[in-house]
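Here's the structure, in structure tokens; my notes come after.
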Ligand SMILES: [Fe+2]
Ligand SMILES: [Fe+2]
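Residue numbers (our numbering): 301 to 692.
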């Protein structure tokens with residue numbers, strides 16, 4: 301039997317890991333890959349790493365149903381950083397007739413002599429090395445030769461397409477409310493949502509007092525009153541149409557948090573953080589950016605990670621096709637809150653109670669008519685959003 305151990309923190313496991321495991325399995329004709337999540341690191345690093353049991357559960361979810369993948373809690377139950385050679389000793393002891401392999405990244409190969417008892421480790425197994433973005437293949441090959449000669453071992457180089465996905469990046473994306481769905485296995489995505497991992501906005505409730513303090517400081521009195529009006533209207537619509545109350549409150553409170561920024565400030569933040577491409581329409585009407593910048597502030601300042609909250613803030617000015625209920629509620633509430641006074645507002649208020657889509661269409665019509673009356677540019681997404689509602 302030929303089995304490989306794939307060790308790592310797996311915080312969280314992602315498609316890059318899965319891809320490497322598959323490639324190793326098939327290209328090197330292995331019988332099994334055993335995922336061995338590392339134990340919890342000692343003391344001070346502990347706060348940065350998710351608890352071992354949770355990481356174990358997530359890896360377990362990722363490999364669920366995969367016949368040739370297994371998981372082992374050898375390092376997790378020890379609740380400490382384990383030495384790789386000890387882990388290998390353990391497996392060799394259980395299955396002494398198996399040919400053991402250990403999967404490592406090119407970065408680890410380059411530093412392998414810093415590992416504890418590397419000589420013992422290389423007697424227990426052969427290394428399978430995969431390349432990683434940012435590492436020169438020539439350096440890796442040279443090191444491979446050097447280690448093979450010095451330790452009389454055979455290292456296998458796994459030629460996998462370089463997938464630039466890292467756990468660190470995934471965590472950052474979650475914090476910013478960006479989409480990670482296609483970077484991790486589906487089961488992992490659902491586990492992360494279910495356990496509210498890697499995010500403050502989901503895991504811990506955001507402190508609403510902090511948000512009130514912020515918007516009171518950032519908004520002019522009239523805009524602040526408008527925000528409270530949107531909150532009141534959105535909460536009502538949320539009650540009627542069924543939506544998450546907490547998300548509705550946070551989205552309503554923050555929807556205009558960037559509204560009183562200057563055009564220059566909006567453009568600067570948008571450009572610096574690549575929030576959206578500044579096209580000709582936006583160049584003429586930079587205030588269109590306040591939703592995008594507001595969503596950015598919600599993520600950065602308040603660690604809001606919930607994609608629905610973020611999108612509701614992001615698209616509250618422009619709208620977009622196929623909006624979620626929360627997005628619709630925030631968009632409509634923005635237009636019909638008590639301080640809004642335009643002809644026909646009462647009609648939309650009434651319709652909104654019964655039919656969100658109908659009210660949404662009325663709001664789009666109202667907005668488009670208003671923009672035309674001012675001889676301003678129409679934002680294409682708003683037109684797309686209106687067309688979408690009419691066609692569907
Ligand atoms: Fe707004
Ligand atoms: Fe608003």
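Ideal Cβ placement from N, Cα and C applies to all residues, glycine included.
> Buried or exposed: residue 343, going by 16 or more other Cβ atoms within 10 Å of its Cβ?
Replying inline: Residue confidence for residue 343 is low, a pLDDT of 46 falling below 50, so the modelled location carries little weight and cannot support an answer.
> Taking 7 Å as the CB-CB cut-off, is residue 320 touching chain D?
Replying inline: Annotation note: the requested chain D is absent from the structure, which comprises a single protein chain.
> What's the gap between the Cα of residue 678 and the Cα of residue 558?
Replying inline: So the alpha carbons of these two residues sit roughly 21 Å apart.
> The alpha helix (DSSP H) with residue 607 in it runs from where to where?
Replying inline: First-last of the alpha helix (DSSP H) with residue 607: 607 to 614.
> What first and last residue would you give for the beta strand (DSSP E) that runs through residue 310?
Replying inline: That residue, residue 310, is in no beta strand (DSSP E); it is neither H nor E in DSSP.
>> Can you find the residues in the same chain that come closer than 8 Å, C-beta to C-beta, to residue 543, ignoring five residues on each side of it along the sequence?
In response: Taken in chain order, the residues that qualify are 537, 625, 626 and 629.
> Hey, residue 619 and residue 682 are a contact pair by Cβ (cut 8 Å); roughly how many whole angstroms apart?
Replying inline: About 5 Å separates the Cβ atoms of residue 619 and residue 682, confirming a contact at the 8 Å cut-off.
> Which value, in whole angstroms, describes the spacing of the CA atoms of residue 688 and residue 621?
Replying inline: The straight-line gap from Cα to Cα measures roughly 6 Å.
>> Nearest by alpha-carbon distance to residue 595: which of 581, 661, 578 and 552 is it?
In response: Of 581, 661, 578 and 552, the smallest CA-CA separation from residue 595 is found for 552.
>> Three or more C-beta pairs under 8 Å: does that hold for the region 358 to 370 against the region 318 to 338?
In response: Segment contact: the region 358 to 370 against the region 318 to 338, three or more CB-CB distances shorter than 8 Å; contact assigned.
>> Which of the three DSSP states is assigned to residue 427 in this structure?
In response: In the structure shown, residue 427 sits in a strand (DSSP, three-state: E or B).
> How far does the beta strand (DSSP E) with residue 332 in it reach, from first residue to last?
Replying inline: Start and end: 332 to 337.
>> Judging by CA-CA distance, which residue of 593, 561, 564 and 470 is the nearest neighbour of residue 573?
In response: Nearest C-alpha to residue 573: 593.
> Any idea what DSSP makes of residue 569, helix, strand or coil?
Replying inline: Residue state, collapsed to three classes: helix.
> residue 440 to residue 409, Cα distance in whole Å?
Replying inline: Their Cα atoms are separated by approximately 7 Å.
> Since residue 475 and residue 498 are thought to touch, with beta carbons under 8 Å apart, how far apart are those beta carbons, to the nearest angstrom?
Replying inline: Correct: roughly 7 Å between the Cβ atoms.
>> For the pair the region 410 to 430 and the region 385 to 397, tell me if three or more CB-CB distances fall below 8 Å.
In response: These segments touch.
> Which residues in the same chain as residue 335 place their Cβ atom closer than 6 Å to its Cβ, once the five residues preceding and following it in sequence are excluded?
Replying inline: Here the set comprises 306, 359 and 371.
>> Using 8 Å for Cβ pairs, my map puts residue 547 next to residue 606. What's the rounded Cβ distance?
In response: Their Cβ separation, rounded to whole angstroms, is 6 Å, which keeps residue 547 and residue 606 in contact under 8 Å.
>> With H, G and I counted as helix, E and B as strand and the rest as coil, what does DSSP make of residue 480?
In response: Look at residue 480 here: in three-state DSSP terms it is coil, with no helix or strand label.
> Can you name, in chain order, every residue of its own chain whose Cβ lies under 6 Å from the Cβ of residue 464, other than the five neighbours on each side?
Replying inline: Answer for residue 464: 433, listed in chain order.
> On the premise that residue 362 lies in contact with residue 313, defined as a C-beta separation below 8 Å, what is that separation, rounded to the nearest angstrom?
Replying inline: About 5 Å separates the Cβ atoms of residue 313 and residue 362, confirming a contact at the 8 Å cut-off.
> What residue from 316, 317, 308 and 301 has the CA that sits closest to residue 332's CA?
Replying inline: In terms of Cα proximity to residue 332, the closest of 316, 317, 308 and 301 is 301.
> Does DSSP classify residue 405 as helix, strand or coil?
Replying inline: In the three-state DSSP reduction, residue 405 falls in the strand class (E or B).
> What do you reckon, is the C-beta of residue 614 under 6 Å from a heavy atom of ligand 1?
Replying inline: Closer than 6 Å to some heavy atom of ligand 1: that does not describe the Cβ of residue 614.
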